[in-house]
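Numbered per our numbering, the sequence shown spans residues 2 to 851.
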Amino acid sequence: MLLSGLIFCQCSLLFGQVDLSYYLPENQTYDSSIPTPKSVLGYEIGDWHVSHDKLVNYMYAVAAASDRVTITEYARTYENRPLLLLTITNPDNHARINDIRATHLKLTTSAADEVDIENQPSVVWLGHSVHGNEPSGANSSLVTLYHFAAAQGAEIDKTLKETVILIDPSINPDGLNRFASWVNSHKGQNLVADPNNLEQNEMWPRGRTNHYWFDLNRDYIPLQLPESVGRIAKIHEWKPNLYTDHHEMGTNSTFFFQPGVPSRVHPLIPKENYQLTEKISGYFQEGMDNIQSFYFSKENYDDYYPGRGPTYVDFNGGMAVLFEQASSRGHAQESDNGILEFPFTIRNQHRSALASVKAVFEMRIELLNYQKDYYAEGLKLADKDPVKAYLFGSDKDPAKAFHLAKMVKRHDIDIYHVKDEIKIGNDTYVPGSSYLVPMNQDQYRLIHGLFEIRNSFTDSLFYDVSAWTLPLAFNLEFQALSSRDYSNTLLGTAFGSDPFPKGELIGGKSNYAYVFEVHGYYAHRAINRLLSAGVRVKVGSKEFTNTDGKTFSIGSVMVPLSTQGIPLDKIHEVIATIVEEDAIDVYNFKDGGSINGPDLGSGSFSLLEKPEILILAEGGMSGGDVGEAWHLLDTRFKMSPSLVSMDKFNSINLDRYNTIILLDGRYGSISDGAKAKLKTWITKGGLVVASKGGTKWLADSKITNLTFTRTPGPKRAINNYSDYRNINGAQVIGGSIFKAKIDLGHPIGWGFYNSEVPLFKRGILIMNKSNNPFANPLTYTSNSLWSGYVPEEKLPFIDNSAAVATSAVGRGMVISYTDNLNFRAFWYGTNKLFLNSIFFGKVINPGTAR
Ligand SMILES: [Zn+2]
């Protein structure tokens, strides 16, 4: 095995050490005043996986030594690591860099004709290792920076005169560092290339993702994570002509560069984009041929979901290229192509970066013209579009509407407050919580892509989700306005750096009781603040009306003041914080009487318990689903769930928790003893909130008695072997939006005020309805597809199926969902289902759940 590896090895290093010249182009001289990577790191590139702090040291060292390079920090990760952007161009350009940038941006506006394209530099952005355990990109960025800072000669001088090179050396510092620690700490003095070796098999949660285990290469649309928020701001500051995205793929592969599969490009991306990408790819081909590296193109990868880096840039008038290098994972690994060594992977990434810069330099005029035409064409399309503006908002939940407005604004989209109240159908859009996005603006295509509902597709294979319609993800009222409904007189002030909305304390300080409704996104944060302060909190299971005639919805929260064992001043303080920070209106009740519905002392108010949460993590659990739940509770709701490993779960006493969260994953390593222990714990009064794999496992373990429907395979005739992949792929629900109906009176539905709820579904878990008609408060409707792709064979089975089931087990409760409620941190709408289940799950009448 090893011998044949040596024979076919493309890398020809044979465990030998390399020096810097291995990576760099031949016959190139370098300025000796620029520090080499080794002079700063203390070792040669490729000998070790660079840790993020050393990468940062090198970037600053070169920036300090070179008049071609400036450096800026654009964000900090959750683990407080800096995200850096280096700007490389000749010193004359640096002296007028703000003018160059401003003129470049003009190309994306209706003033584009004022730009003298002949004399305008083009812009290339080299982005590295968004997936932290795909480290050849980030490691190559040191070599690439060295090359452009130190290379000498007429060719580089001309390149730097006409090109602005931006290097983002590590898009995901927390993941990169997590991975580097793993690999370096398992490296022997003699390299081991065995794929079974610990070094090549990192442990959960692995380094692909960021601190909360999000895939940063899906966050370009949601923009919920600090890394992406900072980077997208920079992308809009520069609107690069070419954006590169350096990844790794399976060890037995070679090297991939775009274009991808021609039929799998989002229809809002112009055809010329694909043609130009093909032309650019000639440079990559040349770069790889020069070093006898194998490669492929036009297969496997698509260009559809703009939440991924390259597609996002395609939606912003640039060209973008995904690079995928076969991964050595550790420092070396046996592969179908011989022993794949880490330096070889770094060299391919570096050479593709050089090819990218060459392409942008030589195709400068073409790329600048493409960008200009992209935006000019967009304005023409906006003129023809029957939709003139999108309107969205929620007078009951200004916080959620604010978060969507902010997200839209981050995409360099102009967005406005509504000037006056707008009534459409049953919905009223009020100033303060409603926003308008006119279509007639430079970002037309992106707006279209973010707000559209799309159900028809030219291809049925998707690398990722097929729908992300933002107002549906937020479950906000929204309208596409035609020219009949829209004129710019509806626009109020521009939304910019507006402050987060505040609530109101209505009726002033109370000495009897405070009450608030739970429509607001942060209602559960408010409840948690109170419970954490030791305050007694009750929730009402009926509507009631105060003496001023205000009716409080079902699920309203009541804080009685005379029965607390803590100083009232402390409660007033928490209430003031809720009003100030949670955008919740709190009402002062001067007495306990209600003019309609129960009085405040009624038994329809139930005491709430502070959730003490265990989230099962690690092992076979989905890091994505677990991380999303952790991120939600920790960063938005100020809660402190315990993340408990499978091993630990098998051995511990569960009594310190009252809520256990079982998300998607494989549960094979839960012992029979732990299963029995969990069942006993529920029987004694525990609450379980489950989704996807957790839901299925609880049923398989006979803890619940839920049943599921298996859907039949494809109906289409299968002609030959080569159809397999396409037909099988077309059976996948990569992620689409469905319509469900919620019971607004059920604790799971409290705070919702429209019974139609958008749900995100990925995968094909289909749950049968229970015999008890009250046990499925959320069900898919008939004709449930709202936006996205679903195989026609599957849809009838999703229609009318249960999206949630409640199961009373002894004195406890299990709430089982078929789908993930916290997808990618931007499904604000379904977060409420998750939080209602955690906070109100124990209030559910067991009779409705048997
Ligand atoms: Zn990747």
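No residue lacks a Cβ here, since even glycine has one placed at the ideal position from N, Cα and C.
Residue i versus residue j: straight-line alpha-carbon distance, rounded
{"i": "Gly47", "j": "Tyr313", "result": "31 Å"}
{"i": "Arg825", "j": "Val466", "result": "11 Å"}
{"i": "Val165", "j": "Gly128", "result": "14 Å"}
{"i": "Leu7", "j": "Gly339", "result": "The predicted position of Leu7 is uncertain, since its pLDDT is 37 and thus under 50; a value taken from the coordinates is nonetheless stated next. Approximately 6 Å, taken between the alpha carbons."}
{"i": "Ser254", "j": "Phe295", "result": "9 Å"}
{"i": "Arg851", "j": "Ala468", "result": "35 Å"}
{"i": "Gln11", "j": "Thr252", "result": "Because Gln11 sits at a pLDDT of 47, beneath the cut-off of 50, its placement in the model cannot be relied upon, and the following sentence gives the value as read from the coordinates. Between Gln11 and Thr252, the C-alpha separation is close to 13 Å."}
{"i": "Asn727", "j": "Pro260", "result": "19 Å"}
{"i": "Lys503", "j": "Ala406", "result": "16 Å"}
{"i": "Ile579", "j": "Met814", "result": "29 Å"}
{"i": "Pro122", "j": "Ile839", "result": "55 Å"}
{"i": "Val540", "j": "Ser605", "result": "8 Å"}
{"i": "Glu238", "j": "Ala402", "result": "26 Å"}
{"i": "Tyr856", "j": "Ile416", "result": "In the structure as shown, the chain begins at 2 and stops at 851. Residue 856 is therefore absent and cannot be evaluated."}
{"i": "Asp68", "j": "Ala62", "result": "12 Å"}
{"i": "Phe662", "j": "Ala691", "result": "Sequence inspection shows Ile at residue 662; the Phe mentioned does not correspond to that position. Between Ile662 and Ala691, the C-alpha separation is close to 6 Å."}
{"i": "Ala806", "j": "Ile749", "result": "10 Å"}
{"i": "Ala321", "j": "Asp315", "result": "6 Å"}
{"i": "Ala139", "j": "Phe258", "result": "17 Å"}
{"i": "Ser186", "j": "Ser229", "result": "29 Å"}
{"i": "Asn837", "j": "Gly231", "result": "32 Å"}
{"i": "Thr548", "j": "Gly602", "result": "15 Å"}
C-beta neighbour in chain B for residue i, strict 8 Å
{"i": "Lys591", "result": "Among the chains in the structure shown there is no chain B, since it carries only a single protein chain."}
Three-state secondary structure (DSSP) of residue i
{"i": "Ile661", "result": "strand"}
{"i": "Asn91", "result": "coil"}
{"i": "Asp20", "result": "coil"}
{"i": "Val466", "result": "coil"}
{"i": "Ala677", "result": "helix"}
{"i": "Ser434", "result": "coil"}
{"i": "Gly848", "result": "helix"}
{"i": "Ser692", "result": "strand"}
{"i": "Gly566", "result": "coil"}
{"i": "His187", "result": "coil"}
{"i": "Thr831", "result": "helix"}
{"i": "Gln442", "result": "coil"}
{"i": "Val810", "result": "strand"}
{"i": "Ser74", "result": "What sits at residue 74 in the sequence shown is Glu, not Ser. Note: Glu74 maps to strand in three-state DSSP."}
{"i": "Asn597", "result": "strand"}
Segment limits, alpha helix (DSSP H) that includes residue i
{"i": "Met1", "result": "Absent from the model: residue 1. The displayed extent of the chain is 2 to 851, so no value can be given."}
{"i": "Leu143", "result": "137–151"}
{"i": "Tyr275", "result": "272–291"}
Top-ranked residue by Cα proximity to residue i, from the options
{"i": "Ser130", "options": "Ala112, Ser488, His247, Leu86", "result": "His247"}
{"i": "Leu177", "options": "Pro196, Tyr296, Ser52, Ala76", "result": "Ser52"}
{"i": "Ser483", "options": "Tyr284, Met440, Ala65, Leu86", "result": "Met440"}
{"i": "Glu907", "options": "Asn120, His412, Thr660, Asn253", "result": "Shown here, the chain extends from 2 to 851; a query on residue 907 therefore has no answer."}
{"i": "Tyr754", "options": "Lys703, Ala62, Lys833, Pro774", "result": "Lys833"}
{"i": "Asn427", "options": "Ile454, Ala400, Asp396", "result": "Asp396"}
{"i": "Asp673", "options": "Met647, Asp415, Asn274, Ser229", "result": "Met647"}
{"i": "Gln732", "options": "Pro797, Pro778, Trp682, Pro792", "result": "Pro792"}
{"i": "Tyr818", "options": "Asp460, Gly764, Leu199", "result": "Gly764"}
{"i": "Arg455", "options": "His105, Tyr829, Gly789, Ile555", "result": "Gly789"}
{"i": "Glu581", "options": "Asn349, Val689, Gly736, Ala400", "result": "Ala400"}
{"i": "Gly730", "options": "Tyr302, Tyr375, Ser22", "result": "Tyr302"}
Span of the beta strand (DSSP E) around residue i
{"i": "Glu156", "result": "Taken as a continuous stretch (DSSP letters only), Glu156 belongs to no beta strand (DSSP E), being part of the alpha helix (DSSP H) at 155–163."}
{"i": "Asp246", "result": "243–250"}
{"i": "Pro759", "result": "757–762"}
{"i": "Tyr781", "result": "779–788"}
{"i": "His129", "result": "123–129"}
{"i": "Lys539", "result": "539–541"}
{"i": "Gln480", "result": "478–482"}
{"i": "Thr494", "result": "492–495"}
{"i": "Met559", "result": "558–561"}
{"i": "Ser1", "result": "Only positions 2 to 851 of the chain appear in this structure, which leaves residue 1 out of reach."}
| Can we say the segment 580–590 touches the segment 507–515, given the rule of at least three CB pairs closer than 8 Å? | yes
| Are at least three pairs of beta-carbons, each pair with one atom in the segment 145–155 and one in the segment 188–205, less than 8 Å apart? | no
| Looking at C-beta atoms only, is the number of pairs between the segment 490–499 and the segment 563–582 that lie closer than 8 Å three or more? | Verdict: no, contact absent.
| message | Would you call the segment 373–384 in contact with the segment 445–465, where contact means no fewer than 3 C-beta pairs closer than 8 Å? | response | yes
| said: Would the segment 260–279 count as touching the segment 346–355 if we require 3 or more Cβ pairs under 8 Å? | reply: no
| request: Answer yes if the segment 472–483 comes into contact with the segment 554–565, meaning at least three C-beta pairs across the two stretches below 8 Å, and no otherwise. | output: no
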